Amino acid sequence: MTTDDLLTVSQFSVSYDVNPPVEAVRDVSITVRRGEILGLAGESGCGKTTLAYGIQRLLKPPAVITSGSAVFHDESGEDIDINTMDDVQLRAFRWEKASMVFQGAMNALNPIITIGAQLQDVFSTHRPAMSRREHRLEAGRLLDIVGVGSGRLRSYPHELSGGMRQRVMIAMALALKPQLMIMDEPTTALDVLVQREILDQISDLRKEFGFSVIFITHDLPLLLEISDRIAVMREGRIVEIDTARNLYENPRHDYTRRLLASFPSLTGERGGFVRRPSESALDAESGVTVQ
Amino acid sequence: GCTSGNSSSTSESGAALTIAKPDGAIATESNNPWIGESSGMKLGYLNAILEPLGIVNLVSPSDEVRPWLASEITWTDDYRAVTLVARDGVTWNDGEDFTAEDIEFTFTMFTTKPELDTAALGITDVTRDGDSVTVTFAGSMFSKQDKVLHKQILPKHIWESVEDPATFANPNPVGTGPYVLSQFDTQSVELTARDDYWGGKLAVPTLYYVSYNDNTALTTALANGDADWAQAFIPNVKSAYLDKDPENNVYWAAAGLAIDTMFVNTQTKPFNDVAFRKAMNLVIDRTQYADIAREGSVPVVSSVTGLPTPVGDPFISAEYKGETYKVDADAAKSLLKDAGYTWAGKSLVDPSGAPVTFALSVPQGWNDYVTGISLIADAAKSLGVEATVDTPDSDTWWEAKGTGDFQAILHWTDTGATPYDLYSNMMDGRWLKPLGESADFNFGRFDSPKATAALNEYTNAADDATRGAALETVQKIFVDEVPAMPVGTRPFIGAFNTRSYVGWPGEDNPYAPADPTQPTAVLILTELEAAN
Amino acid sequence: MTHKRNAFGRLGQTFAMFRNGKSVAGLSILGAFCLVAIFGDWIAPYGPLDKDFTALRQAPSWVHWLGTTHMGEDVLSQIIYGTRGVLVVGFTAGVIATFIAVGIGVTAGYVTGWRSESLSALTNVFLVIPGLPLIIIIASQYENPSLLLISSVLAITGWAWGGRVLRAQTMSLRNRDFIQAARANGEPLYRIIAVEMLPNLTAIIASSFVGTVIAAVLGLTTLAFIGVIPITNLNWGTILFWAQQNGAFPDFWWWYVPAGLCIALLGMALSLINFGIDEYVNPRLRSAGERARAMRKKGFVLSDRVTAVRPRATDDDSTRQ
Amino acid sequence: MRFILRRTAFYAFTAWAAITINFFLPRMMKGDPVSAYLQKNQGRISPEAIDSLRTLFGLDSTKSLLEQYIDYWQLLLSGDLGRSFSKGLAPVTDVIASAIPWTIGLVGLATVLSFALGTAIGGLIGWRRGSRADAIVPVATFFSTVPYFWMGLIAIAVFSTTLGWFPASHAYDKGTQPGFSLEFAGQVIQHGFLPALTLVIGSLGGWILGMRNMMITVLDEDYVTVAQAKGLRPVRVLINYAARNASLPQLSSFAMSLGFIVGGTLVMELVFSYPGAGKLLLDATTAKDYPLMQGLFLVITLAVLVANIIADVAYAILDPRTRQMEA
Amino acid sequence: MTTLEFRDVTKKYRVRGSGELIALDKVNFTLTSGRTIALVGQSGSGKSTIAKILTQLERVSSGQVLLDGTPIPTWGRPLRRYRQTVRMVFQDPFASLNPYHTIRHHIERPLRLDRVVPADQVEEEVFRLLNRVRLSPEQTIDRRPHELSGGQRQRVAIARALASRPALLIADEPVSMLDVSIRLEVLNLLAELQREANLGVLYITHDLATARHFSDEIMVLHHGKVVEHGPSDDVILHPTHPYTLALRDASPDPEKHFAASTTIPGATT
Ligand SMILES: Nc1ncnc2c1ncn2[C@@H]1O[C@H](COP(=O)(O)OP(=O)(O)OP(=O)(O)O)[C@@H](O)[C@H]1O
Ligand SMILES: Nc1ncnc2c1ncn2[C@@H]1O[C@H](COP(=O)(O)OP(=O)(O)OP(=O)(O)O)[C@@H](O)[C@H]1O
Ligand SMILES: [Mg+2]
Ligand SMILES: [Mg+2]
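Sequence lines, in order, name chains A, B, C, D and E.
So the working numbering is basically just the index in the first sequence, starting at one, shifted up by 7.
So the working numbering is basically just the index in the second sequence, starting at one, shifted up by 16.
So the working numbering is basically just the index in the third sequence, starting at one, shifted up by 9.
So the working numbering is basically just the index in the fourth sequence, starting at one, shifted up by 2.
So the working numbering is basically just the index in the fifth sequence, starting at one, shifted up by 7.
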């Protein structure tokens with residue numbers, strides 16, 4: 008069950024139709040397998056977010072998908088081509104099949120509505136048959152699952168810490184038990200302890216519910232630890248995709264190698280690595296002339 | 017089109033009459049006749065409730081005084097006392113009888129509470145003898161007859177128990193007049209006709225008194241028939257009002273004995289020179305003033321005596337009968353040349369060699385006056401005089417006017433049953449104050465003991481011949497020395513329509529000014545008849 | 010070379026907020042009015058107060074393009090001459106009000122504690138005081154209030170709003186890192202305010218300036234119309250005042266329509282400039298407005314909540330067509 | 003608590019300052035009630051009456067300004083605002099009470115309507131940015147830069163004089179007694195329609211623009227995108243996520259504008275002869291009617307202050323973020 | 008040799024509603040030129056507060072900050088002179104440069120303000136500083152911050168801080184927003200400067216790995232208290248305080264991860 012594909016993205020390109028046009032994602036092809044965590048790494052601005060939004064068709068003008076397709080292989084066996092859906096179909100598809108945890112959860116919650124109401128929104132839209140009480144119960148249960156506690160249903164976002172808010176977002180993403188969850192830098196703004204807790208939680212939840220995750224971050228050490236496979240992105244293209252271990256041990260692309268060389272080891276040997284004269288290689292890339 | 021719809025909410029006996037004022041919100045009900053700003057006085061509806069003793073026809077002062085609440089009015093020859101006989105059969109609208117005691121009471125109020133004597137009558141004594149009351153004054157009331165007789169008589173039985181007459185709101189106004197207050201409302205005041213009025217049956221069953229926030233709104237209301245009768249200056253009267261219903265709309269500006277005049281500062285240059293005053297007087301175009309500044313809606317002041325015609329005709333001395341103002345720049349220039357003035361290029365230079373300039377000022381916002389001085393400034397150019405036009409705010413202007421801090425202003429004169437006020441205001445030494453101190457009239461500080469004496473004689477004389485002679489002297493001084501320059505008449509204005517009622521005063525029957533806010537309005541109300 | 014670029018670049022950035030379609034349109038209209046104000050004497054066919062007693066209240070004709078008043082004055086000439094008063098008062102009031110608003114608002118935003126609170130209370134007092142009587146009162150202290158005085162009065166009653174906005178903005182700026190950094194560098198207070206803060210406030214100052222100019226122009230014309238301001242200061246408001254006093258409404262449309270339209274046009278121009286500034290301050294507004302049309306042309310539906318799919322090939326076809 | 007105390011002190015100070023200014027301002031004016039009265043009656047009152055009038059108006063006392071100021075506070079605290087010279091010596095409280103309901107009724111209704119309409123339209127324009135509805139913005143702005151009196155006079159000329167659809171003046175027909183009858187209500191609506199319409203049109207632009215701009219800003223917030231990603235119906239996103247947040251700043255300006263209602267709109271009242279506080283204020287000012295001016299100033303000042311407080315409180319209630327900070 | 012000493016420094020903030028918040032609680036440490044101290048700790052533990060006190064953007068509530076044994080000035084010219092000795096690189100490279108001004112302005116100001124070099128050499132010095140942080144002066148000097156990338160901005164901020172030739176540099180999370188490759192670049196630069204100019208650095212971060220490799224000592228802050236302080240390797244490899252331990256264990260460490268060869272939960276390779 009876990010070996011078959013969940014999402015097939017092929018030759019996917021997105022560009023921002025501004026002057027001059029920005030081709031943010033270029034001919035990207037990846038497959039997400041059922042139940043796996045697919046890491047997506049790459050420097051800032053390389054198009055990670057654009058890709059993630061693009062396959063959900065969440066981008067607003069001037070963004071336009073210029074080529075390719077994203078096909079979702081539903082549990083039921085049906086293949087859904089996301090690019091051909093209209094408004095209404097997409098609304099039904101979103102969250103039900105694929106949900107999302109957004110970059111910067113701080114802003115992803117409406118500050119003036121209780122988190123309970125924001126959770127229940129999902130149910131009242133997608134599960135209209137359920138009663139309001141059930142909606143509430145369900146929302147409370149979700150908060151319990153992510154460790155925020157159903158007691159906080161009536162809290163406003165600002166009353167929660169950053170970590171809690173992030174978990175509320177995860178709870179929300181879990182609400183309909185989707186088959187795919189896209190997480191765009193879900194832990195970047197948090198400190199390491201909280202980050203760790205959340206990552207552990209995601210792993211646990213995935214075990215329990217069996218969904219696939221696309222995990223986006225620029226923190227490569229983190230990805231190496233939690234992903235099954237990692238795709239490295241650069242200037243809108245996927246330059247390398249492999250299992251985490253393979254990537255760590257035998258990086259094939261130059262850029263991957265450079266990334267791997269850029270973080271010091273926590274517990275390993277100290278010294279040489281840091282003041283290693285690797286600057287020439289680095290500066291050649293940074294776009295600024297070196298003396 | 018004319019939409020008379022709203023005003024003719026016909027009851028069985030006739031249409032209502034809507035009387036309007038441009039005075040802004042009415043705010044609170046006060047039927048206090050002592051306070052000019054009380055709702056009753058401001059809108060004027062008290063004039064339909066309270067009645068005067070007699071009616072002096074201010075638009076035709078030579079007419080006999082018409083006795084009203086007093087059935088007989090007898091002045092002493094020197095006009096220092098008047099004997100009034102209370103009319104029989106008059107009842108207050110609360111059923112009480114009207115008696116001489118009420119007259120006595122009303123006049124006694126002025127002596128006990130001098131602050132109520134806003135006409136400065138200076139009553140010294142009030143005595144009653146049965147039906148007749150004799151009021152004695154400190155001075156001659158010859159030129160103030162109207163002010164005495166137009167005092168409205170109040171019911172003693174109501175007012176004797178009022179502690180402070182100035183603040184008494186008088187919620188149920190009791191009067192002898194033809195109408196009673198039936199409903200007060202801040203939007204409109206409704207009055208209904210009495211059926212027991214001593215003067216007989218009334219044609220108009222209901223009166224509404226309404227206030228508009230400004231002249232424009234009032235004009236609109238008169239034009240579209242929302243209002244029937246108003247005392248309001250209507251600019252551009254023909255197209256804005258008369259043409260809306262040429263059959264019925266009437267605008268009657270009846271000259272009274274008051275004028276608009278240009279006061280000039282006779283103490284300072286350039287108007288301290290009588291020659292220059294005369295010359296200026298010769299170039300002011302009175303017709304233009306009437307046509308343009310007052311939009312052709314008032315009569316022209318034509319007699320060189322400054323008296324409006326026809327109302328002033330009986331007072332014009334033989335010498336000046338038929339002599340009218342004419343614009344004559346050449347005559348003016350030769351006058352100036354004779355007096356030693358020269359011209360440098362186009363501009364006039366006075367004998368001392370200084371160029372002649374002066375400033376004309378009237379308050380901003382006093383639109384007809386502002387137009388007026390603009391016209392005069394233009395006229396001054398024909399003499400080579402640079403006249404500037406100032407429009408300070410009214411308070412500044414008012415203060416400067418009083419202290420004589422001006423060169424030329426436009427101002428009005430008071431009105432009365434005789435030309436006394438008109439001339440006194442312009443040239444009487446009794447107003448004279450040094451420059452810098454506030455004067456109430458004679459702002460130009462025209463200082464002529466001869467004129468002062470003649471005016472005194474005119475008002476205090478005990479016989480008509482002396483009066484006539486005194487007035488002649490006054491007029492001669494006025495014409496020769498030009499203490500001020502009349503520019504226009506200051507008529508009693510009335511706008512009304514004949515759609516529902518006729519019997520209005522008018523050119524052919526000027527029995528009273530068509531002004532609903534005067535005590536004489538009661539006369540008009542009793543004269544009106546249904547139109548068909 | 011670099012210096013030149015620097016100078017121009019700085020100037021360019023200072024006025025960058027005026028570099029969009031709306032601002033340019035607004036500035037053009039405003040410029041036209043300015044030209045009229047400056048060259049009024051040459052443009053106007055007659056003197057504003059020249060009276061032609063043979064042509065009273067005439068409808069527009071070839072002789073008098075916009076007709077005449079009750080005194081036979083040429084309405085067009087009055088409007089042309091009146092422009093100067095309106096612009097002078099509007100801009101002077103705007104400048105004065107902006108100075109006060111910047112002085113008090115920025116200071117109130119930068120200092121803290123009771124000093125800030127009391128300056129803010131002062132601002133509120135000025136918001137609370139009814140403007141009209143204040144104007145009448147101050148104007149009445151002077152014989153013949155000059156344009157400058159009128160502008161000052163309009164400014165005094167009009168600065169408070171801008172002051173409030175600036176205070177709020179300054180308060181958010183003062184805790185920004187770059188201001189803290191300037192403090193840590195040991196920059197003196199006046200320099201922090203003048204050099205580090207003000208440039209970042211320019212857009213808001215400009216927009217509050219434009220706002221006060223609009224308010225002053227409307228205030229001036231309204232006051233002139235009510236008859237509170239000496240009508241010797243010829244401006245569009247006085248034209249309307251005369252028109253109304255002389256019963257021009259509604260028959261003599263040529264007397265009151267052009268002046269009213271001029272006021273509206275000037276107001277419109279100023280608000281266009283303000284639109285431009287708003288868009289500059291908030292780039293989102295820009296992309297919403299300016300690009301909207303361009304995008305619609307390209308076939309986007311902006312209210313679409315779904316990303317458009319438009320394969321490149323067909324896109325090329327459609328653009329070629 | 004500290005915060006509340008501080009706010010209270012702050013408002014008390016503002017109130018004191020404004021009331022004091024209100025006392026001194028009228029007295030700084032040139033002229034006095036008597037000469038103003040004579041001016042108004044141009045020639046109908048003889049200047050010989052000046053002394054009587056002084057006594058009548060109670061201006062004959064020789065108290066120093068400071069004594070008067072103290073008296074003023076004493077009277078104020080006992081709820082007595084004095085008597086109005088220009089309204090027949092009626093108590094100022096009565097005079098104001100007769101005008102305020104109309105002002106609040108009409109101007110208030112117009113403000114509320116204009117706010118509601120403007121916010122709704124602005125919200126929709128912002129939501130459908132780039133659509134043809136954008137054209138409404140410049141049109142609405144145009145109307146808000148047109149001088150109000152001009153628009154009012156033209157409205158009268160067109161709808162009242164020429165078409166005869168609406169009465170041109172007053173709040174209801176003459177001869178009608180205010181009351182809770184259907185007829186009266188009908189009249190009030192008919193009379194109020196034009197003034198209200200012009201007021202609404204004149205102020206709509208600001209609300210539309212403010213809301214549109216806020217809406218556009220809010221629409222780019224992540225939580226709106228999240229709401230869409232959740233598959234919510236557009237209406238729900240619009241109302242619950244976009245408009246709700248975008249209207250917060252609008253609400254605080256709305257509360258502020260409520261404060262200005264009491265002052266009325268002088269020009270509207272002039273043009274439509276509508277009873278109200280604005281015209282009263284102008285009358286009082288030209289008549290140098292100190293007591294009435296002070297009374298009106300007081301009411302206006304308090305209204306603005308109360309509106310300010312309401313704005314503060316409303317914001318605290320509507321925006322939970324501030325609630326926590328200020329609790 | 009400059010030393011800056013924190014002696015029992017306590018900082019309290021008044022918080023609306025809930026009274027006081029103790030941001031720093033009796034903190035002691037000494038910063039010496041030529042050495043680097045890393046300051047780690049979770050969000051809100053008081054790291055930036057220490058930095059702000061050092062630059063006198065905040066005042067202490069109690070305790071003392073001593074520069075070479077004397078209390079640091081709080082006012083006027085002496086304060087300015089003090090600030091010349093201790094410079095700070097702000098946490099956020101996007102916020103700490105004035106968007107309105109050019110890079111030239113940013114670097115020139117401290118030079119002119121502190122009269123580091125004669126007026127006619129200012130331009131030269133700006134070039135030198137930019138070269139120092141490996142920015143091409145010709146290309147950057149007349150640009151404005153928004154025309155630079157995050158890493159470039161960070162280097163401008165460092166150049167600015169170095170312009171006055173301070174003895175001590177406080178770098179508040181200078182790399183938290185940058186991705187790994189740029190991060191390393193910036194840190195190397197600091198290390199180099201430290202060696203060359205004998206600079207003392209307070210390196211504030213929550214990235215334990217870089218803290219360990221770039222500093223001589225590590226100080227762990229927890230709820231305003233210093234819970235552990237010692238040579239960096241000691242602190243990381245043999246933490247004594249449970250919080251430090253937790254922090255270390257939570258930090259991603261691929262090396263350990265792959266070395267331990269644990270299967271990733273749910274993954275089927
Ligand atoms: N609305 C837009 N208009 C034009 N260009 C855009 C727009 N949004 C993003 N881009 C550009 O598209 C590219 C990809 O952006 P994206 O947000 O996908 O990057 P990212 O990999 O998520 O970066 P980060 O790690 O900083 O989140 C960037 O170069 C960005 O400048
Ligand atoms: N001006 C202030 N007023 C009140 N509290 C403040 C203020 N500044 C900081 N604090 C509080 O002091 C504590 C320490 O803040 P500080 O900024 O030093 O944390 P930090 O360790 O730098 O955190 P981060 O890693 O998020 O930057 C926090 O709880 C913060 O909320
Ligand atoms: Mg991203
Ligand atoms: Mg910090």
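All C-beta atoms, glycine included, are put in the ideal place defined by N, C-alpha and C.
None of the values given here were measured: they were computed from a predicted structure.
Compute the minimum distance between the beta carbon of residue i and the heavy atoms of ligand 2, and state whether it is under 7 angstroms.
i, result
"Ala317(C)", "no"
"Ser55(E)", "yes"
Return the bridge partner residues of residue i from the DSSP annotation.
i, result
"Arg21(E)", "Glu27(E)"
"Trp245(B)", "Ile35(B), Phe512(B)"
"Phe299(D)", "In DSSP, Phe299(D) forms no bridge with anything."
"His172(D)", "DSSP, once it has assigned bridges, lists no residue as partnering His172(D)."
"Asp83(C)", "Thr77(C)"
"Met213(D)", "Its beta-bridge partners do not exist; DSSP assigns none."
"Pro69(A)", "BP columns for Pro69(A) are empty, so no partner."
Check whether the Cβ of residue i sits closer than 7 angstroms to any heavy atom of ligand 1, and report yes or no.
i, result
"Gln63(A)", "no"
"Tyr23(A)", "yes"
"Cys53(A)", "yes"
"Ala164(C)", "no"
For residue i, tell me which candidate among the options has the shortest Cα-Cα distance.
i, options, result
"Val2(D)", "Asn117(A), Ala136(A), Leu231(A)", "The question about residue 2(D) has no answer, for chain D in this structure spans 3 to 329."
"Ile62(A)", "Ile37(A), Gly42(A), Ala48(A), Glu215(A)", "Ile37(A)"
"Lys31(C)", "Lys89(D), Met30(D), Pro140(D)", "Pro140(D)"
Thinking residue i and residue j are a contact (beta carbons under 8 angstroms), I'd like their distance in whole angstroms, please.
i, j, result
"Ser100(D)", "Ala185(B)", "Their Cβ separation, rounded to whole angstroms, is 13 angstroms, which puts Ser100(D) and Ala185(B) out of contact at 8 angstroms."
"Val108(A)", "Met171(A)", "At roughly 14 angstroms, the Cβ-Cβ gap does not stay under 8 angstroms, so Val108(A) and Met171(A) are not in contact."
With 9 angstroms as the limit, tell me which residues of the segment 32-52 of chain B have their beta carbon closer than that to any beta carbon of chain C; keep them in chain order. Within the segment 32-52 of chain B, no residue has a Cβ that lies closer than 9 angstroms to any Cβ of chain C.
Beta carbons nearer than 7 angstroms to chain E: which residues of the segment 183-197 of chain C have them? Arg185, Asp186, Phe187, Gln189, Ala190, Arg192, Ala193, Asn194, Gly195, Glu196
Positions along the segment 98-132 of chain B whose CB lies within less than 8 angstroms of some CB in chain D: Pro130, Glu131, Leu132
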